[in-house]
Amino acid sequence: MTTATIHQTDIDTLDPKEFIIIKGARVHNLKNLSVALPRNQFIVVTGLSGSGKSSLAFDTLYAEGQRMYVESLSSYARQFLGRMDKPDVDYIRGISPAIAIEQKVSIKNNRSTVGTSTEIYDYLKLLYARIGKTISPISGNQVRKDNVADVVDFIFNLEDGSRIVILAPLQVQPDRKLTKELDLLLQKGYSRIYNNDQVLFIEDVISADAADITGDVYVLVDRAVLRKDDEDLQFRISDSVQTAFFEGHGECHVLYGDQKRVFSNKFELDGMTFEEPSVNFFSFNNPYGACQRCEGFGNVLGIDEDLVIPDKTLSVYEGAIAPWRTEKMSEWQVPLIKNGIRFDFPIHRPYNELTEEQRQLLWTGNQYFDGLDAFFAHVQAQTHKIQYRVMLSRYRGRTTCPDCRGTRLRKDASYVKINGTSITDLLLKPITGVLEFFQNIQLTEHELQVADRLVIEITNRLSYLVRVGLGYLTLNRLSSTLSGGESQRINLATSLGSALVGSMYILDEPSIGLHPRDAEQLIGVLRSLQKIGNTVIVVEHEEKMMEIADQIIDIGPEAGSGGGNLMFQGTYPEMLKSTETYTAQYLNGKRQVEVPVKRRQWRNTIEIVGARENNLKNITVKFPLDVMTVITGVSGSGKSTLIKRILHPALAKVLGGHSDATGKFDKIQGSYSKISHVEFVDQNPIGKSSRSNPVTYVKAYDAIRSLFADQPLAKARGLKPSHFSFNIEGGRCEVCQGEGQVKIEMQFMADIYLTCEACHGQKFKQDILEIKYHDKNIAEVLDMTIADSIQFFKEQPKIIEKLKPLDDVGLGYIRLGQSSNTLSGGEAQRVKLASFLTKGATAHSEGILFIFDEPSTGLHFHDINKLLTAINALIDKGNSVVIIEHNMDIIKCADWIIDMGPEGGTNGGHLLFEGTPEEMVKLEGNATADYLREKLV
1 MTTATIHQTD IDTLDPKEFI IIKGARVHNL KNLSVALPRN QFIVVTGLSG
51 SGKSSLAFDT LYAEGQRMYV ESLSSYARQF LGRMDKPDVD YIRGISPAIA
101 IEQKVSIKNN RSTVGTSTEI YDYLKLLYAR IGKTISPISG NQVRKDNVAD
151 VVDFIFNLED GSRIVILAPL QVQPDRKLTK ELDLLLQKGY SRIYNNDQVL
201 FIEDVISADA ADITGDVYVL VDRAVLRKDD EDLQFRISDS VQTAFFEGHG
251 ECHVLYGDQK RVFSNKFELD GMTFEEPSVN FFSFNNPYGA CQRCEGFGNV
301 LGIDEDLVIP DKTLSVYEGA IAPWRTEKMS EWQVPLIKNG IRFDFPIHRP
351 YNELTEEQRQ LLWTGNQYFD GLDAFFAHVQ AQTHKIQYRV MLSRYRGRTT
401 CPDCRGTRLR KDASYVKING TSITDLLLKP ITGVLEFFQN IQLTEHELQV
451 ADRLVIEITN RLSYLVRVGL GYLTLNRLSS TLSGGESQRI NLATSLGSAL
501 VGSMYILDEP SIGLHPRDAE QLIGVLRSLQ KIGNTVIVVE HEEKMMEIAD
551 QIIDIGPEAG SGGGNLMFQG TYPEMLKSTE TYTAQYLNGK RQVEVPVKRR
601 QWRNTIEIVG ARENNLKNIT VKFPLDVMTV ITGVSGSGKS TLIKRILHPA
651 LAKVLGGHSD ATGKFDKIQG SYSKISHVEF VDQNPIGKSS RSNPVTYVKA
701 YDAIRSLFAD QPLAKARGLK PSHFSFNIEG GRCEVCQGEG QVKIEMQFMA
751 DIYLTCEACH GQKFKQDILE IKYHDKNIAE VLDMTIADSI QFFKEQPKII
801 EKLKPLDDVG LGYIRLGQSS NTLSGGEAQR VKLASFLTKG ATAHSEGILF
851 IFDEPSTGLH FHDINKLLTA INALIDKGNS VVIIEHNMDI IKCADWIIDM
901 GPEGGTNGGH LLFEGTPEEM VKLEGNATAD YLREKLV
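Under UniProt numbering, the residue at position 857 of the sequence shown is numbered 857, and the numbers go up by one with no gaps.
As structure tokens, then:
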């Protein structure tokens, strides 16, 4: 039996040891679907957005795997886990332990980092605590702590017959005289002291009232002639050394011949006392290891360089330093202007062309002028005057903590080094750099015995992160700032590190956020996961992923109520021969995303000058207006930094809108007066409440409620539009308060959610449900898909004009009353796009700049066609669009391409190309051009 014909056979006859068998799945829109998945293979589940892929993979397969695991636990353990419903399915046989790796960024903890979430940082802490060497920042010498064995080993390595004297420095207490201290030594049993190269009897010194004693005084603990074969002498010297350490408060001096060697069991050097490394010493989540200045958060409220020097194209002479521009404060600048020539400071050179040392000098100052640090210290001292308080607040902002450099570790943690590199250095390096460090690490034989296993674990986990395309991240990067795709790939790398076998991995579009070049590397990682003995099931639209799959399962034919059927199961070559599904038609070329006949022309631009945030290399970029501009490049090349951290906040500020802090750049210039405002259409949820839904977001529900209130029976009963809302009292069911479900608390068992007995899950009172439009009540209307409702309301143009944009952006499959918190990031983004496409949404204002962050997320080829139509409609209304994107079908339709690279992380941040797709495909050796060429030629 071939895998291509599995679904055509009697599924009941298959062996559960060879297949994972699903019989009669009816979850969401699945139409009694039966399918057999061969074990230990790489399987891609595809189909239109909303066709039922996730319902099959996550809501059926994964849900049953999790439920079976939870059911195996005790009743006590189950109370701490969420309630698991049994999927609506006849049966599932042969299911393996299920691991789902989704796009959601579930980590809300603002202390979680890439290092902690992957457990790499736990290994790093242990490694530095065990073999790290503390280096003095003053002399650069290693700080050592001597013990008794070190002293004994030193003594017995001297020449046989050497005369040795063991001394302990005498420390006279402040409230005692020397004679009193010596008297106490006599009582302890000591008889001699050592002073000025002489051995003196304590009794003689006391009788002379210590008149001749000057300089340092030492207690003579022991003296002997070294005999290496004398074991008794070895024990005696060990005891004497221990005594010397005790009496000398951590110091032991050994005289041999005319030389002296000082030993200390204190962790000190160069007049500094250091902390001995421990695991907690490197933990920013522990008060002991956290930076005291920022309390382990990595940033402080300080003086913001970007506020002090807002225009970095100006020189010091031209007034680059904003607080020194006033007549009174210019007194601080005069010494610098006059004396700059004395220390070769270029006062006429623009700030952005100064070296790092010259910029630092402006802050620290020297003997000729007081720097900005001294200036702000002076302002701080004058804050009892209101004008100084106002001035200080003007230049304050959240800045990276100067003590820990944003790593959140105590400052002296950076003194502990391995191969000359501290743990803070590693946290600030990109992961590729950290991996390179560990691949070239040089350790002694003793260090290797201690650290060998740790280095292997660290190297393995780092290499997995690089393989899944995350080499540009730092271990210090906050988990909460990762995109859904990045978060998913980190979870994937962690799973690879655990090396589980016999499991079922289910992934939700792992290629999201990846350049096609990086996606190929990811495919290799997924293949390795399958080859060690796992079944890998990927919900995916990426063509390359389908090419290498052992099995492709296509769900369709349409989305929503028109989907839920198994349209195809087989190999990639077999799919190319099929003509039944949209997926096959796009793969074999019968359908395609058409390239525009001509590119739009543009006259006006916005220009960002000197962008330097994160890995951007002081680049200047033009963004054309009135066209579709796509920003692309390999993962980590700087696209998001350029758009999210610089373009969007900078434009919002100059246009008078509120915005987050802007990244480092010199200035924004060009025709931004042509823009009315900027809209960032991201993938954040449109609502977190279970009562929020897409139909309310696009303002369609108001018209629907009004329509029902206009029905004759509603008028006769005096019902108003508000009665048809499940959010407020009036028409909603008060037993469940419009939720449709009632929660029953079960104490030690999981809570149970039961359908409300009063309204039977319909959310409204019976008299409201009796009001019907075309034989459907309000609950039945809310349960319709967008596509079905457009047909249903075809006689109501006001409702149609609100709902049609949702269908136009490929969301015809979602239900009118579907809770917003069930939408994916891509779906939420498209709901926002639809709200701008509704008639009148932008009529009051043209010239909006729309910024989209990977709008192709979760979209099938067929849906991308719809998305492009919707985006072009925005531009036709007189707006401009900027898109961060990797999808080649969208890139090939752009009017203008901006390509970043050439690599990610520190090797990225360069502007590689600006121009049209036709110009780009002529480039040689460009990662984006290589893939774009396949689509255009």
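Don't be surprised by glycine CBs; every beta carbon is placed ideally from N, CA and C.
Because the structure is a prediction, the values reported are computed rather than measured.
{"Check": "Report yes if the CB atom of Glu71 is closer than 7 Å to the CB atom of Pro87, and no otherwise.", "Outcome": "no"}
{"Check": "Quick one: using the 10 Å Cβ neighbour count with 16 as the cut-off for buried, is residue 946 buried or exposed?", "Outcome": "Outside the shown range of the chain, which is 1 to 937, sits residue 946, and nothing can be said about it."}
{"Check": "Looking only at its chain, what residues have a beta carbon closer than 6 Å to the beta carbon of Leu507, apart from the 5 residues adjacent to it on each side?", "Outcome": "Ile101 and Val538"}
{"Check": "On a Cα-Cα basis, can you pick out the residue from Pro169, Met900 and Val241 that is closest to Val630?", "Outcome": "Met900"}
{"Check": "Can you grab the Cα-Cα spacing for the pair Ser162 / Ala168, in whole Å?", "Outcome": "20 Å"}
{"Check": "State buried or exposed for Arg603, treating a residue as buried only when at least 16 other CB atoms are found within 10 Å of its CB.", "Outcome": "exposed"}
{"Check": "Would you kindly work out how many angstroms separate the C-alpha atoms of Ile386 and Val379, rounded to a whole number?", "Outcome": "11 Å"}
{"Check": "Quick one: what does DSSP say Trp332 is sitting in, helix, strand or coil?", "Outcome": "helix"}
{"Check": "Using 8 Å for Cβ pairs, my map puts Leu182 next to Ile206. What's the rounded Cβ distance?", "Outcome": "5 Å"}
{"Check": "Arg717 and Phe726: beta carbons closer than 7 Å?", "Outcome": "no"}
{"Check": "Under 8 Å: do the region 229 to 238 and the region 172 to 192 share three or more Cβ pairs, one atom per stretch?", "Outcome": "no"}
{"Check": "Could you give the residue range of the alpha helix (DSSP H) that holds Tyr505?", "Outcome": "Here Tyr505 belongs to no alpha helix (DSSP H); instead the beta strand (DSSP E) covers Met504 to Asp508."}
{"Check": "Can you give the Cα-Cα distance for Pro350 and Leu362, rounded to whole angstroms?", "Outcome": "13 Å"}
{"Check": "Just to confirm, are Ile441 and Asn419 a CB contact at a threshold of 7 Å?", "Outcome": "yes"}
{"Check": "Looking only at C-alpha atoms, which of Ile202, Gly340 and Leu184 sits nearest to Arg192?", "Outcome": "Ile202"}
{"Check": "Using only CA atoms, which one of Thr785, Phe438 and Gly589 lies nearest to Gly817?", "Outcome": "Thr785"}
{"Check": "With H, G and I counted as helix, E and B as strand and the rest as coil, what does DSSP make of Gly858?", "Outcome": "coil"}
{"Check": "Contact between the region 782 to 799 and the region 844 to 856 is defined here as three or more beta-carbon pairs at a separation below 8 Å; is this criterion met?", "Outcome": "no"}
{"Check": "Quick one: Cα of Arg359 to Cα of His515, how far?", "Outcome": "37 Å"}
{"Check": "Is Phe913 close to the ligand NAP? I mean its beta-carbon at under 6 Å from any heavy atom of the ligand.", "Outcome": "Ligands in the displayed structure: none, and consequently the ligand NAP is not present."}
{"Check": "Unbroken alpha helix (DSSP H) runs of length 4 or more, entirely within the region 470 to 503: which are they?", "Outcome": "484 to 498"}
{"Check": "By Cβ distance below 7 Å, which residues in the same chain neighbour Asp304 in space, the five residues on each side in sequence not counted?", "Outcome": "Tyr395, Arg396, Gly397 and Thr399"}
{"Check": "Ignore the nearest five residues each way along the sequence and tell me which others in Arg405's own chain have a CB closer than 7 Å to its CB.", "Outcome": "Thr424 and Leu428"}
{"Check": "Under 8 Å, with one C-beta from each stretch per pair, do the region 31 to 45 and the region 575 to 586 reach the 3-pair mark?", "Outcome": "no"}
{"Check": "Give me the Cα-Cα distance between Thr583 and Glu770, rounded to the nearest whole angstrom.", "Outcome": "43 Å"}
{"Check": "Residues in its own chain within less than 8 Å of Ala828 by CB, not counting five upstream and five downstream?", "Outcome": "Gln683, Asn684, Pro685, Ile686 and Ser820"}
{"Check": "Taking Asp204 as the reference, which of Asp626, Asp197 and Ile213 has the closest Cα?", "Outcome": "Ile213"}
{"Check": "Give the straight-line distance between the Cα atoms of Thr118 and Val151, rounded to the nearest whole angstrom.", "Outcome": "43 Å"}
{"Check": "Quick one: Cα of Asn29 to Cα of Lys17, how far?", "Outcome": "29 Å"}
{"Check": "Helix, strand or coil, according to DSSP, for Phe680 in the structure here?", "Outcome": "strand"}
{"Check": "Under three-state DSSP, which class holds Lys385?", "Outcome": "coil"}
{"Check": "Start and end of the beta strand (DSSP E) containing Ile206?", "Outcome": "First-last for Ile206: Ile202 to Ser207, but that is the alpha helix (DSSP H), not the beta strand (DSSP E)."}
{"Check": "Mind checking which residues open and close the alpha helix (DSSP H) that includes Asp767?", "Outcome": "Gln766 to Leu769"}
{"Check": "Out of Gly50, Leu642 and Val221, state which residue places its alpha-carbon closest to the alpha-carbon of Asp853.", "Outcome": "Leu642"}
{"Check": "For Gln259, is the classification buried or exposed, using 16 other Cβ atoms within 10 angstroms of its Cβ as the cut-off for buried?", "Outcome": "exposed"}
{"Check": "Thinking Cys291 and Arg408 are a contact (beta carbons under 8 Å), I'd like their distance in whole angstroms, please.", "Outcome": "6 Å"}
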